[in-house]
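The block underneath contains the structure these notes are about, expressed in structure tokens.
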Amino acid sequence: MLNSVVAGLTSGGVYALLGLCVVLTYRLVAVVNFTMAACGAVGAFVMVTLMDAGLTGWLALPVGAAAGAALSALLGSALVSWFSQHDERTKAAVTVAVYVAIIAIGLRLFGSNTTGAHRFPSPFDAPAFTVGSVVVPQAVLVSMGFAVLITVGVSLLLSKTLIGLRLQALSERPTTAQVVGIPAPRLAIGVWVAIGAISTLVIVLVAPRLGGDFATLGNLISTALAVAMIGAFRSLPLTLVGGLLMGCLEGAAGSVAEIQKYAGVVPFLVMLVLLWWRSRGEVWDTAHSR
Amino acid sequence: MKRAYRSLLATAAAGVLALAATACSDDGGDTSGPIKVGAINGVTGLFQTPEVPQAVKAVFDEVNAAGGINGRKIEFISKDDAMNPQRATEAAIDLIESENVVALVGSSSAVDCGLNRATYTNNNIVSIPAVGVDPACFTSPNIAPVNPGPFKLITAMLYYASETLGHDKVCMMFVTLPGAGAGIDSAIKEWEGITGKQLALKNTAVGQGDPTQYLVQAKSAGCQAVLYNGVVGPWTAQAKTQGMQDVDFIVAANSYTDANAEVVPADIKVYAGTEWQPYTDETLPGNDRWAKIIDANKIQKTAFSQGGVMAADMFVEVLKTIKGDITRESVTKAFKEMQPITYPMVGTPYVFGPGDAHNPIEGSRFVKAVGGKWEVLPEGFIVPGKK
Chain A
1 MLNSVVAGLT
11 SGGVYALLGL
21 CVVLTYRLVA
31 VVNFTMAACG
41 AVGAFVMVTL
51 MDAGLTGWLA
61 LPVGAAAGAA
71 LSALLGSALV
81 SWFSQHDERT
91 KAAVTVAVYV
101 AIIAIGLRLF
111 GSNTTGAHRF
121 PSPFDAPAFT
131 VGSVVVPQAV
141 LVSMGFAVLI
151 TVGVSLLLSK
161 TLIGLRLQAL
171 SERPTTAQVV
181 GIPAPRLAIG
191 VWVAIGAIST
201 LVIVLVAPRL
211 GGDFATLGNL
221 ISTALAVAMI
231 GAFRSLPLTL
241 VGGLLMGCLE
251 GAAGSVAEIQ
261 KYAGVVPFLV
271 MLVLLWWRSR
281 GEVWDTAHSR
Chain B
1 MKRAYRSLLA
11 TAAAGVLALA
21 ATACSDDGGD
31 TSGPIKVGAI
41 NGVTGLFQTP
51 EVPQAVKAVF
61 DEVNAAGGIN
71 GRKIEFISKD
81 DAMNPQRATE
91 AAIDLIESEN
101 VVALVGSSSA
111 VDCGLNRATY
121 TNNNIVSIPA
131 VGVDPACFTS
141 PNIAPVNPGP
151 FKLITAMLYY
161 ASETLGHDKV
171 CMMFVTLPGA
181 GAGIDSAIKE
191 WEGITGKQLA
201 LKNTAVGQGD
211 PTQYLVQAKS
221 AGCQAVLYNG
231 VVGPWTAQAK
241 TQGMQDVDFI
251 VAANSYTDAN
261 AEVVPADIKV
271 YAGTEWQPYT
281 DETLPGNDRW
291 AKIIDANKIQ
301 KTAFSQGGVM
311 AADMFVEVLK
321 TIKGDITRES
331 VTKAFKEMQP
341 ITYPMVGTPY
351 VFGPGDAHNP
361 IEGSRFVKAV
371 GGKWEVLPEG
381 FIVPGKK
């Protein structure tokens with residue numbers, strides 16, 4: 001059992017990273033971004049394609065990140081210029097449409113699992129330490145470190161800096177923010193650029209462990225959204241913990257033969273309970289505020 | 001109520017129309033023009049096999065260039081279903097009722113068999129898929145693919161692990177597609193019956209995500225051989241991290257691609273079960289002819305394209321035995337009464353026959369990933385229970 005929980009932690013770090021990217025987008029530009037993983041996957045595939053063509057990893061990575069950032073910026077600028085007055089639901093719907101388009105085009109460009117399995121560079125596959133009979137690779141530490149870095153870094157950025165303050169204003173009251181002189185469109189597109197680049201880095205980091213084909217990586221968004229839900233699309237630390245917990249739970253469920261078949265369902269059950277628990281509070285509040 | 005009545009009426013009307021259409025069609029009975037042959041292939045969508053219809057057409061072009069069959073040319077009509085059930089259903093009806101094809105040859109679709117098996121039976125038409133994917137391809141009266149298919153392959157992989165490699169602790173880590181569970185269980189049972197052995201560990205609920213947890217399970221169970229059918233790259237990379245260099249991993253035919261050979265780490269042992277003579281070695285029996293056709297038509301070389309060539313070859317062979325007019329009826333009859341045909345690219349002879357379920361091709365030939373390439377192993381075809 002302990003072995004399985006530790007083994008699950010390797011997935012957990014990945015889940016946490018993915019969830020954080022979604023929460024980050026939502027916190028900064030108030031959009032539930034379905035294209036997050038797909039943009040990252042495009043960036044990651046640009047990187048491996050360049051590497052297959054002979055470029056070194058250190059040159060290919062920034063180019064890939066730039067490609068992911070550019071795609072994300074394109075979507076961001078479309079949202080800013082055409083949908084800034086629309087509500088969150090419409091914006092989410094736009095990202096869903098773009099997500100479907102990116103997946104379709106990406107499959108054409110980079111191939112499916114049978115034709116386009118790429119070897120992603122995995123510099124962190126060396127063992128870090130051993131717990132029980134599980135060898136924990138360095139990649140787990142790196143992804144957890146990256147997740148903590150994002151959590152702490154963004155929290156500090158939002159609470160301690162002027163740009164953070166402006167970003168918060170932008171996400172909560174975009175029109176008011178513009179009225180008081182915050183350059184909303186430029187700032188928002190800047191955020192989209194950053195998210196595209198970070199998503200690419202995250203996808204490059206998780207790709208060697210999840211499978212190097214475009215559809216698998218682009219579809220990671222479903223997991224990412226699920227984890228983001230644990231943090232209620234708001235709390236970065238909760239998302240981080242939630243992701244790790246989800247990985248461990250999945251590992252534990254997978255080790256019990258009776259519920260093995262449903263191991264994938266267990267995290268979602270937990271999430272359902274969490275959501276219900278939270279909404280219970282809200283119902284209570286609503287009932288008593290009348 | 002009124003609405004229900006109207007929908008009932010609409011259904012009835014559609015039924016009448018369908019009946020009328022069947023009555024009007026000549027059931028592929030036109031004996032003067034070309035022999036029309038159909039196929040349903042995934043060309044776009046998630047299951048992409050564009051090379052299969054190209055390979056089938058290449059064989060028919062060759063036959064036509066040599067004068068056709070009894071002076072009649074073969075006209076090949078391939079429909080792309082984009083792995084979309086709606087399109088696959090429409091394609092079958094279109095081919096049978098509008099195009100009046102005499103048979104379906106060289107289909108390669110992930111959804112065709114399950115959706116259209118009843119249509120084929122009702123229209124008394126046979127389908128010889130190049131690639132049978134879903135279980136229904138191997139359990140229908142009018143469908144007989146030219147590949148062993150996923151379940152016979154599992155039996156062969158298990159047999160290879162326990163008998164050829166001689167392992168006692170054989171484990172199975174499988175991603176199960178919807179509807180495939182029963183087929184997997186009966187494949188395991190067949191192996192148990194032949195060898196008298198049991199699996200040391202069976203997990204048919206392997207999911208996407210980091211494979212570490214499954215590898216740890218296999219390690220804890222002391223598996224000497226692990227059958228696996230999921231994504232190869234991360235699995236083998238993490239197997240290396242977990243120090244499983246002494247385990248024989250046996251992957252399924254879907255993993256037998258050039259790209260996968262390249263992603264296997266140098267010290268991890270990976271074998272793949274193939275459905276036809278391994279396509280990566282063109283000197284193997286039967287592959288010379290396949291390679292010649294594929295090269296001449298500039299088609300992508302894959303295992304599936306072997307299925308395309310074989311399905312077309314089987315069809316032509318059976319057509320040659322028909323005395324009299326070549327119609328849908330005579331073609332179906334010829335397949336149901338055909339003698340087994342030995343074909344060097346597979347382990348057992350191909351035969352359609354009269355039964356209600358057909359899985360004529362059995363056994364698998366194994367390859368091993370060595371230095372970024374698949375190396376063909378010398379044992380030949382491993383057919384469970386046969387030396």
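Top to bottom, those sequences are chains A and B. Under UniProt numbering, the residues of the first sequence are numbered 1 to 290, in order. Under UniProt numbering, the residues of the second sequence are numbered 1 to 387, in order. Cβ atoms here follow ideal geometry from the backbone N, Cα and C, with glycine treated the same way.
Q | Sequence-distant residues of the same chain with beta carbon closer than 8 Å to residue 349 (chain B), five excluded per side | A | 340, 341, 342, 343 and 360
Q: Give every residue of the same chain whose Cβ lies closer than 7 Å to the Cβ of residue 214 (chain B), excluding the five residues on either side of it in the sequence, and list them in chain order.
A: 173, 203 and 206
Q | Members of the segment 226-254 of chain B that neighbour chain A once the beta carbon cut-off is set at 9 Å | A | 230, 231, 232, 233, 234, 235, 237, 238, 240, 241, 242, 243 and 254
Q: Could you tell me whether the Cβ atoms of residue 106 (chain B) and residue 150 (chain B) are closer together than 8 Å?
A: no
Q) Can you give the Cα-Cα distance for residue 376 (chain B) and residue 45 (chain B), rounded to whole angstroms? A) 31 Å
Q: Determine which residues of the segment 4-31 of chain A have a Cβ less than 7 Å from any Cβ of chain B, and write them out in chain order.
A: 4, 7, 8, 10, 11 and 14
**Q.** Closer than 8 Å at the beta carbon, the chain A residues around residue 224 (chain B)
**A.** Here the premise fails: no neighbours, minimum Cβ distance about 16 Å.
Q: With distances taken Cα to Cα, identify the nearest neighbour of residue 279 (chain A) among A:244, A:230 and A:74.
A: A:230
(Q) I'd like to know whether the C-beta of residue 81 (chain B) is nearer than 8 Å to at least one C-beta of chain A. (A) no
Q | 8 Å Cβ cut-off: residues of chain B touching residue 263 (chain A) | A | 205 and 207
Q) According to the neighbour-count rule (16 or more other Cβ atoms, all chains shown, within 10 Å of its Cβ), is residue 298 (chain B) buried or exposed? A) exposed
Q | Proximity test, Cβ basis, 8 Å: residue 275 (chain B) and chain C | A | In the displayed structure, chain C is absent; the protein chains listed are A and B.
**Q.** Contacts that residue 122 (chain A) makes with chain B (C-beta to C-beta distance below 7 Å)
**A.** 237
Q | 8 Å Cβ cut-off: residues of chain A touching residue 213 (chain B) | A | 4, 7, 8, 10, 11, 250, 251, 254 and 255
**Q.** residue 160 (chain B), DSSP secondary structure in three states
**A.** helix
**Q.** 8 Å Cβ shell around residue 44 (chain A) - same chain, five flanking residues per side excluded
**A.** 64, 68, 120, 200, 203, 204, 207 and 217
Q | residue 308 (chain B) burial status per 10 Å Cβ neighbour count (16 or more: buried) | A | buried
Q: Specify the secondary structure class of residue 262 (chain A) as computed by DSSP and reduced to three states.
A: helix
Q) For the putative contact between residue 75 (chain A) and residue 35 (chain A), defined by C-beta atoms under 8 Å, what is the C-beta separation to the nearest angstrom? A) 6 Å
Q: With DSSP as the reference, please indicate the residues paired to residue 130 (chain A) in a beta bridge.
A: A:135
Q) Quick one, are the C-beta atoms of residue 238 (chain A) and residue 155 (chain A) less than 8 Å apart? A) no
Q | C-beta neighbour in chain B for residue 133 (chain A), strict 8 Å | A | yes
**Q.** Sequence-distant residues of the same chain with beta carbon closer than 8 Å to residue 159 (chain B), five excluded per side
**A.** 191, 194, 195, 382, 384 and 385
Q: Pull up the CB-CB distance for residue 291 (chain A) and residue 18 (chain A), whole angstroms please, since I reckon it's below 8 Å.
A: The structure shown does not extend to residue 291 (chain A), since chain A spans only 1 to 290, so no value can be given for it.
Q: Return the residue from the list B:144, B:36 and B:230 that minimises the CA-CA distance to residue 75 (chain B).
A: B:36
Q.
For a contact defined as C-beta to C-beta under 9 Å, what are the partners of residue 54 (chain B) on chain A?
A. The contacting residues do not exist; residue 54 (chain B) stays about 15 Å from chain A at best.
Q.
For residue 422 (chain B), would you say it is in contact with chain A, using Cβ-to-Cβ distances shorter than 8 Å as the test?
A. Residue 422 (chain B) is absent from the model: chain B starts at 1 and stops at 387.
**Q.** Every unbroken alpha helix (DSSP H) within the segment 160-206 of chain B, with a cutoff of 4 residues, ordered by chain
**A.** 181-195
Q: Have a look at the DSSP bridge pairing and note the partners of residue 411 (chain B).
A: Because chain B spans 1 through 387 in this model, residue 411 (chain B) falls outside it and cannot be assessed.
(Q) Per the DSSP calculation, residue 331 (chain B) is bridged to which residue(s)? (A) None; residue 331 (chain B) has no bridge partner.
Q: Mind listing, in chain order, the continuous beta strand (DSSP E) runs of no fewer than 3 residues lying wholly within the segment 314-382 of chain B?
A: 365-370 and 373-376
Q: Let me know the secondary structure DSSP gives residue 35 (chain B) once reduced to three states.
A: strand
**Q.** Continuous beta strand (DSSP E) stretch holding residue 226 (chain B): start and end
**A.** 225-228
Q: Measure how close the beta-carbons of residue 128 (chain B) and residue 146 (chain B) come, nearest whole angstrom, since I'm counting them as under 8 Å.
A: 7 Å
Q: Assuming residue 163 (chain A) and residue 24 (chain A) form a contact by the criterion Cβ under 8 Å, report the distance between their Cβ atoms to the nearest whole angstrom.
A: Contact flag wrong, Cβ pair sits at about 15 Å.
Q: Please name the residue, chosen from B:372, B:328 and B:380, that lies closest to residue 122 (chain B) on a Cα-to-Cα basis.
A: B:328
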